[in-house]
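**Q**
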Amino acid sequence: MPELPEVEILARHLAPLLLGKTIRAVEVRRAKVLRPTSVKQLEKKLVGAKFIQLRRRGKYLLFDLKKKGEGQFTCLGHLGMTGRMFLQPHGAGLPKHAALILDLGKLRFVYEDTRYFGRFTLDTTSVESLGPEPSSADFTVAGFALALKRSAQPVKVKLLDQSLVAGVGNIYASEALFRAKISPRRAARSLKREEVQRLHEQIRVVLQEAIDSGSTIPLDFAGEKTKDRLFYFGRAANAPDYYEERLLVYDRSGKPCPTCRTPIKRLVQAARSTFYCARCQR
DNA sequence: CACCATGTTCCTTG
DNA sequence: CCAAGGAACATGGT
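When we follow the working numbering, the leftmost residue of the first sequence carries the number 38, and every step to the right adds one.
1) Quick check: the region 151-170 against the region 207-214, are at least 3 beta-carbon pairs closer than 8 angstroms?
2) According to DSSP, is Thr59 helix, strand or coil?
3) Along the alpha helix (DSSP H) that carries Glu149, what are the first and last residues, could you check?
4) Does the beta-carbon of Gly301 have 16 or more other beta-carbons within 10 angstroms, so that it is buried, or is it exposed?
5) Take Met118 as the anchor and find which of Leu47, Tyr153, Ile89, Ala174 has the nearest alpha-carbon.
6) Bridge partners of Glu115, per DSSP?
7) If contacts are defined as beta-carbon pairs under 8 angstroms, then Arg319 and Lys218 qualify, I think. What distance do you get, rounded to the angstrom?
8) DSSP three-state call for Gly130: helix, strand or coil?
9) Would the region 128-142 and the region 65-76 be scored as touching if the rule is three or more Cβ pairs under 8 angstroms?
10) Counting along the chain, where does the alpha helix (DSSP H) carrying Ile208 start and finish?
11) How would you write the range of the alpha helix (DSSP H) that Phe181 sits in, first residue to last?
12) From Val147, Ile248, Thr74, Leu228, pick the residue whose C-alpha is nearest to that of Ala179; which is it?
13) My output table needs one value for Ile89: the three-state DSSP class, helix, strand or coil.
14) Can you check which of these residues, Val84, Ala182, Lys292, is closest to Glu238 by C-alpha distance?
15) Among Leu83, Thr151, Gly142, which residue has its Cα nearest to the Cα of Glu107?
16) Beta-carbon separation of Gly57 and Lys103 under 9 angstroms?
17) Can you pull the DSSP bridge partners for Thr311?
18) If we count the other Cβ atoms within 10 Å of its Cβ and call it buried at 16 or more, is Gly142 buried or exposed?
19) Measure the C-alpha to C-alpha separation of Arg316 and Cys294 and round it to an integer number of angstroms.
20) So what's Ala276 in DSSP terms, helix, strand or just coil?
21) Under DSSP, the alpha helix (DSSP H) around Leu79 begins and ends at which residues?
22) Determine the burial state of Arg216: buried for a count of at least 16 other Cβ atoms within 10 Å of its Cβ, exposed for fewer.
23) Over the uninterrupted beta strand (DSSP E) stretch that includes Leu139, give me the two end residues.
24) Applying the criterion that 16 or more other CB atoms from any shown protein chain within 10 Å of the CB defines a buried residue, is Glu231 buried or exposed?
25) Alpha carbon to alpha carbon, how far is Asp95 from Leu41?
26) For Arg222 versus Gln306, is the C-beta spacing smaller than 9 angstroms?
27) Can you give me the C-alpha to C-alpha distance between Val242 and Val194, rounded to a whole angstrom?
28) Cα-Cα, which of Leu236, Ala247, Ser172 is closest to Leu47?
29) What residues in its chain sit with their C-beta under 7 angstroms from that of Phe176, if we drop five residues either side in the sequence?
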């Protein structure tokens, strides 16, 4: 489930379910996801604590908790590539790769992650190095331009740098560049002011549209029936029963560019796939 | 068997 | 200190 929009949708889904609930017990099935926190440290801190707020920063979830008579503290969650978080009744089947289970009384919170790349930890230092939130006023064209100027890397690769702007991942990097009509191969520092401006705007637009789209779809957070690929489809305006593909270039190599019909190309940069239209993107 | 996958972090080199 | 490149992490789908 993981770029900024997916995490935002998850945060909105979980917040009302978690707030006010108290953790009765903690079960850690894969201690690796707590790193560098130990099982003991997590248990000691979480058992008896109540959720008081849930925030998102970049692709991270920040769970604010508090125990009676003690100070507030924060737990950090990240979904890695394959993580999910959801609530379920006790007795419901646990997924094969359940990494952490929090007993909330009537319900339990499950963090499962097939590849265990994600985290659920007391160490919140990762958020310190994040760049501005793309939707906030802190994400300025001037600041973005300045950061791009310092890099000789291809702009697509640079967009994945979370210190530049927080939350853009491999899918939306390709999508934003397509919409801004900029080639993913361009050196970050070579972009003209107008191009930086277009890219800045399209990053904001593509992420916001994804959040809006995700909000209207009945998502299956537990992932038992459907796959979360569903998230990448938008509800078609006039046909309520099927989902129209929403991504314009990602994972569409060989398919026609939505603008000019030229086949979409796939390129490997920094060991990640990039998709683009060689005709529309210069 | 081969290659691919929504991400971050660590290590090395310059 | 910074930028950049590459491997590592781990499991599953095609």
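Think of the CB as a built atom: it goes at the ideal place given N, C-alpha and C, for glycine as much as any other residue.
**A** Taking the geometry as given:
1) no
2) strand
3) Run containing Glu149: none in the alpha helix (DSSP H); it sits in the beta strand (DSSP E), 144-150.
4) A small fix is needed here, since residue 301 is Ile in this sequence, not Gly. It counts as buried.
5) Tyr153
6) According to the sequence as given, residue 115 is His; it is not Glu. Looking at the DSSP assignment, His115 forms a beta bridge with Tyr97, Arg156.
7) 7 angstroms
8) coil
9) yes
10) 207-217
11) 178-186
12) Leu228
13) strand
14) Ala182
15) Leu83
16) no
17) Leu304
18) exposed
19) 9 angstroms
20) In this prediction, Ala276 scores a pLDDT of 31, lower than 50, which makes its location untrustworthy; no coordinate-derived value is stated.
21) 76-83
22) buried
23) 135-140
24) exposed
25) Looking at the sequence provided, one finds Gly at residue 95 rather than Asp. So the alpha carbons of these two residues sit roughly 6 angstroms apart.
26) yes
27) 20 angstroms
28) Ala247
29) Pro169, Glu170, Val202
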